[in-house]
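Peer 1: Handing you a structure now.
Protein chains: 2
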Amino acid sequence: MHDARSSDPTRVGWMNAYPPPVEKRILVSDASAYRFPQIRWSFSHYQELYPTRPIDRGIGPIRPIDLNLRDDLDAISFTPTGSNEPMRWEQSLDKNFTDGIVVLHRGKRIYERYFGALRDRGHHLCASVTKSFVGTLAAWLIDEGRLDPKAPVIEWVPELAQSGFAHASVEQVLHMTTAIRYDETYANPEADIWKHLKAGGVFPRSASDQGPGSFSDYLLTVVQSGSHGEQFAYRTPNTDVLGWILKRVANQSLSDMISERIWQPMGAERDAAMQIDTLGFEFAGGGLLAVLRDLARFGEIMRMEGKQANQQIIPKSVVHSICQGGDQAKFKPAGYSGLPGWSYGYMWWHAHDDHQVFTARGVHGQTIYIDPKAEMVIARFASHPIAANAQIDPHSLPAYRALAKHLLREG
Amino acid sequence: MHDARSSDPTRVGWMNAYPPPVEKRILVSDASAYRFPQIRWSFSHYQELYPTRPIDRGIGPIRPIDLNLRDDLDAISFTPTGSNEPMRWEQSLDKNFTDGIVVLHRGKRIYERYFGALRDRGHHLCASVTKSFVGTLAAWLIDEGRLDPKAPVIEWVPELAQSGFAHASVEQVLHMTTAIRYDETYANPEADIWKHLKAGGVFPRSASDQGPGSFSDYLLTVVQSGSHGEQFAYRTPNTDVLGWILKRVANQSLSDMISERIWQPMGAERDAAMQIDTLGFEFAGGGLLAVLRDLARFGEIMRMEGKQANQQIIPKSVVHSICQGGDQAKFKPAGYSGLPGWSYGYMWWHAHDDHQVFTARGVHGQTIYIDPKAEMVIARFASHPIAANAQIDPHSLPAYRALAKHLLREG
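Protein chains in written order, with the numbering used here: chain A, 944 to 1354; chain B, 944 to 1354.
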């Protein structure tokens, strides 16, 4: 099952009858919805598994993305990180358990593929790509002067006064430089990420579970460990705290903010949605569901300094703030050997390379990859068996880089 | 709380904070989501409570419904059934716990109001209005020759061979003339409807509940009581069986059928959705979520014999079949004293009156009311405290009739 072909969900036939036979069922209650290879189906059927809050695309027409399909991309060769064997672009798609991929060059679709359970009109779990939307909203509210990055978190969320966020500032959660005790190693079944996901209902709780039963209750239990502001540590609760702050600042749900500020103005392809817990708390850290071309639209707007055609969708100053990136010195101790010189800022990953690449990244390979120098945006959905980008990047980042170089060379 | 103003969900403040205080929470797990006055909020936030399957509106433009608002409707007077006191149309809205209402006259919007938790772009639970969509799909597949109304149910769903549907035909479930043991009295906490809803996850199941855990498993437990085909009895499992049959006939989900045959061609306002159980079985008996103007669009198409402008959305022959109605003689013994001379056929309610009225009806007052003679279509969402149209009709049917007469008189 550990390759893309044999785990192809349409081949396996998950949930493919009324009712599906027992061995083809995918349930939240037994945690199979979050297991590989079931995620190859469930990430493309998330509203069918969980409560969600719709993100309205509004009543306007869909903004078309011009098509300029090219057949020279599949043959592009790259060398995966840590390997001597070259690989073709086309091979990288299966290798990365890609569910869908769109490549824009100068705003036009030059490449588009869907696999397995995903179709062009289908929603997919964005996972931590969600964080980059939330970070963008935060930068926006800061830009509007409504949110002071130096303000303490508890100015907006006094409920956190007894938690590890009590002495953190807005910008520390925004750039994930808080020092909290939180193990996000998906491979460790005892890791905090699972308690977190259980609290929010993503993962089932046993009847005897005395732990927190909502995202917000979970955040109250997070404790400080070390000094805030000293170094970057990728911890999802930061985004949920940030989401909580934004909802208080804007007096609006994240779904409505995304709808009004991004989805409606950009002429989105389709309504999106946010996974919520039973108290209506949106999973800011990873709950966005969207169709792939809408991620591409958003990526293209970010590449164009907030503009779409002649319309400024996101203020240029907001995009500029984000593109400054985070603090590379604070990023370094986190030990991402595959991301040398990178930083994390405004909940985006910044390469600080000669292409000025910045990306949104989800834990099973979901991504928005923006290469300003190559005038290229890649949006990808994936359902990789290993929840760790360190396992996915070796066949992704060099492939993206090779594609960018190809476009720079061939035009 | 038992009037529309005091139960107004925005006034009460249900789920209106992050997180909401305990006394303002609405949960599926404690059944509060299905209790009055909480339904005044939950029926307008159903995707936030339950898993749902999206119904794609497609990529085309929204078909506008021309606006011709009139200010003479609120003052229309009618006499509620069983009363001597006249009531104004406007008063009837609160009396019926209306969440939203649209009136079309000759295809134009002459009246439109939203209350409480509902907005024009908001989804609402259609409840048994869903059945009329499913019945329309059935009539359509029959019209195409793909479904024989005389065929036994078990020709399509052999799983039901040991159930009360074993000897029923497709047309008996379609017109609800099966004889099954099923108590649909919502006021009785021991009624079968609650077991049915529990099986599908609409209503919470206790950990010790040994009953069926899915809609399809529930249907297997329904037993026959009497002879099929002799008289009408309104029983929701018939629609779920019909939905099961349609999915087998079309090899497609109900959501996809509604999307491809109705939502996309009619230029729907917004994606709709179907509530599903944990096995992906759509609640054909009551799980449609839609925005109000899309119900109005569908009603107008039905009024126009399947046409929208110059486009035949639903074949005329299908609408003609439906408009024949059901068997009045078989309807009569069911004892609906407020619906004299009516029938139920193709999962629509037919007045057989001088206006040729036919309607789709949901248990808390949701409706599509089509009056061909008055060239009028009414779409209404409501969250009436009493789950019984016999309690709602006295302030609805005479109001609709008075409105129709007014339009016929005033033009």
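Every residue, glycine too, gets a C-beta built ideally from N, C-alpha and C.
Would you kindly report the start and end of the unbroken beta strand (DSSP E) that includes VAL1192 of chain B?
Peer 2: That residue, VAL1192 of chain B, is in no beta strand (DSSP E); its alpha helix (DSSP H) goes 1180 to 1193.
Peer 1: For a quick check, are the C-beta atoms of LEU1036 of chain B and PHE1058 of chain B less than 9 Å apart?
Peer 2: Yes, Cβ-Cβ distance for LEU1036 of chain B and PHE1058 of chain B is below 9 Å.
Peer 1: Could you work out which residue in A:PRO1095, A:ALA1325, A:GLN1254 and A:ILE1201 is closest to HIS1110 of chain A when comparing CA atoms only?
Peer 2: Selected option, being the one with the closest Cα: A:PRO1095.
Peer 1: Can you tell me the Cβ-Cβ gap for ARG1052 of chain A and LEU1016 of chain A, rounded? I've got them flagged as a contact below 8 Å.
Peer 2: With a Cβ gap of about 12 Å, ARG1052 of chain A and LEU1016 of chain A do not count as contacting.
Peer 1: Pick from A:LEU1090, A:ALA1150 and A:HIS1171: whose alpha carbon is nearest that of PHE1108 of chain A?
Peer 2: The shortest Cα separation from PHE1108 of chain A among A:LEU1090, A:ALA1150 and A:HIS1171 belongs to A:HIS1171.
Peer 1: What does DSSP give as the partner residue(s) for PHE1301 of chain A in the beta ladder?
Peer 2: According to DSSP, PHE1301 of chain A bridges with A:HIS1293 and A:ILE1313.
Peer 1: Return the CA-CA distance between ALA974 of chain A and SER1026 of chain B, expressed in angstroms with no decimal places.
Peer 2: Cα to Cα, the separation comes out at about 56 Å.
Peer 1: Kindly confirm or deny that the stretch 1199 to 1213 of chain B and the stretch 1296 to 1311 of chain B touch, where touching means at least three C-beta pairs closer than 8 Å.
Peer 2: In short, these stretches do not touch, since the Cβ pair count stays below three.
Peer 1: Any idea if LYS1259 of chain B is buried or exposed, counting beta-carbon neighbours within 10 angstroms, 16 or more meaning buried?
Peer 2: Exposed, because fewer than 16 other Cβ atoms sit within 10 Å of the Cβ of LYS1259 of chain B.
Peer 1: Is the distance from the Cβ of ALA1142 of chain A to the Cβ of ASP1160 of chain A below 9 Å?
Peer 2: Yes, the Cβ-Cβ distance between ALA1142 of chain A and ASP1160 of chain A is below 9 Å.
Peer 1: By Cβ distance, which residues of its chain are closer than 7 Å to ASN1039 of chain A, with the 5 residues on each side in sequence left out?
Peer 2: Contacts found: GLY1308, ALA1325, HIS1327, ILE1335, HIS1338 and SER1339.
Peer 1: When the distance is taken between beta carbons, is ALA1322 of chain A closer than 9 Å to ALA1239 of chain A?
Peer 2: Their beta carbons are under 9 Å apart, which means ALA1239 of chain A touches ALA1322 of chain A by this criterion.
Peer 1: Given a cut-off of 9 Å on the beta-carbon distance, is the pair GLN990 of chain B and ARG996 of chain A in contact?
Peer 2: Yes, the Cβ-Cβ distance between GLN990 of chain B and ARG996 of chain A is below 9 Å.
Peer 1: Please tell me whether SER985 of chain B has its Cβ less than 9 Å away from any Cβ of chain A.
Peer 2: No, its Cβ sits nowhere closer than 9 Å to a Cβ of chain A.
Peer 1: Would you tell me roughly how many angstroms separate the C-alpha atoms of THR1179 of chain B and HIS1066 of chain B, rounded to the nearest one?
Peer 2: When rounded, the distance between both Cα atoms is 22 Å.
Peer 1: How is the alpha helix (DSSP H) around MET1319 of chain A delimited, first residue to last?
Peer 2: Run containing MET1319 of chain A: none in the alpha helix (DSSP H); it sits in the beta strand (DSSP E), 1319 to 1325.
Peer 1: Can you list the residues of chain A that LYS1190 of chain B reaches, using a CB-CB cut of under 7 Å?
Peer 2: Simply TYR961.
Peer 1: Measuring only between beta-carbons, confirm whether TRP1187 of chain A sits less than 9 Å from chain B.
Peer 2: Yes, its Cβ sits closer than 9 Å to a Cβ of chain B.
Peer 1: Cα-Cα, which of B:PRO994, B:TYR961 and B:VAL971 is closest to THR1356 of chain B?
Peer 2: Residue 1356 of chain B is absent from the structure shown; chain B starts at 944 and stops at 1354.
Peer 1: Cβ of PRO994 of chain A less than 9 Å from any chain B Cβ?
Peer 2: By this cut-off, PRO994 of chain A is an interface position.
Peer 1: In this structure, does DSSP put GLU1212 of chain A in helix, strand or coil?
Peer 2: GLU1212 of chain A: coil per DSSP, three-state reduction.
Peer 1: Give me, in chain order, the residues of the same chain whose beta-carbon lies closer than 6 Å to that of PHE979 of chain B; leave out the 5 immediate sequence neighbours on both sides.
Peer 2: Counting only Cβ-Cβ distances below 6 Å, and skipping sequence neighbours, we find PRO1328.
Peer 1: Under three-state DSSP, which class holds LEU1232 of chain A?
Peer 2: It is a strand residue.
Peer 1: Under 9 Å between the Cβ atoms of THR1079 of chain B and MET1247 of chain B?
Peer 2: No; because the gap between Cβ atoms is not below 9 Å, this pair is not in contact.
Peer 1: By a C-beta neighbour count over all protein chains shown, 10 Å radius and 16 as the cutoff for buried, is SER1280 of chain B buried or exposed?
Peer 2: The residue in question, SER1280 of chain B, is exposed, as its Cβ has fewer than 16 Cβ neighbours within 10 Å.
Peer 1: Check each candidate in B:VAL1234, B:GLU1033 and B:THR953 and name the one with the smallest Cα separation from GLN981 of chain B.
Peer 2: The shortest Cα separation from GLN981 of chain B among B:VAL1234, B:GLU1033 and B:THR953 belongs to B:THR953.
Peer 1: How many angstroms separate the CA atom of GLY1284 of chain A from the CA atom of ILE1313 of chain A?
Peer 2: Distance between the alpha carbons of GLY1284 of chain A and ILE1313 of chain A: 17 Å.
Peer 1: So HIS1067 of chain B is in the beta strand (DSSP E); what residue range does that whole segment cover?
Peer 2: Start and end: 1066 to 1068.
Peer 1: Taking only beta-carbon atoms, is ASP999 of chain B less than 9 Å away from chain A?
Peer 2: Closer than 9 Å to some Cβ of chain A, the Cβ of ASP999 of chain B qualifies, so yes.
Peer 1: Assign VAL1116 of chain B to one of three DSSP states: helix, strand, or coil.
Peer 2: Note: VAL1116 of chain B maps to helix in three-state DSSP.
Peer 1: Quick one: is GLY1223 of chain A near chain B, going by C-beta distance under 9 Å?
Peer 2: So yes, GLY1223 of chain A belongs to the interface.
Peer 1: Determine whether the beta carbon atoms of LEU1185 of chain B and MET1290 of chain B lie at a separation below 9 Å.
Peer 2: Yes, the Cβ-Cβ distance between LEU1185 of chain B and MET1290 of chain B is below 9 Å.
Peer 1: Closer than 8 Å is the cut-off here; do at least three beta carbon pairs connect the stretch 1126 to 1135 of chain A with the stretch 1189 to 1203 of chain A?
Peer 2: They do not touch, by the three-pair rule.
Peer 1: Name, please, each residue of chain A whose Cβ falls closer than 8 Å to the Cβ of SER1151 of chain B.
Peer 2: None at all; the shortest Cβ gap to chain A is about 11 Å.
Peer 1: May I ask you to list, following chain order, the residues of the stretch 1004 to 1016 of chain A that have a beta carbon less than 7 Å from some beta carbon of chain E?
Peer 2: The structure shown contains no chain E; the protein chains it does contain are A and B.
Peer 1: Would you mind giving the Cβ-Cβ distance between LEU1061 of chain B and ASP1042 of chain B, rounded to the nearest angstrom? I have them listed as a contact below 8 Å.
Peer 2: Contact holds; Cβ gap of about 4 Å.
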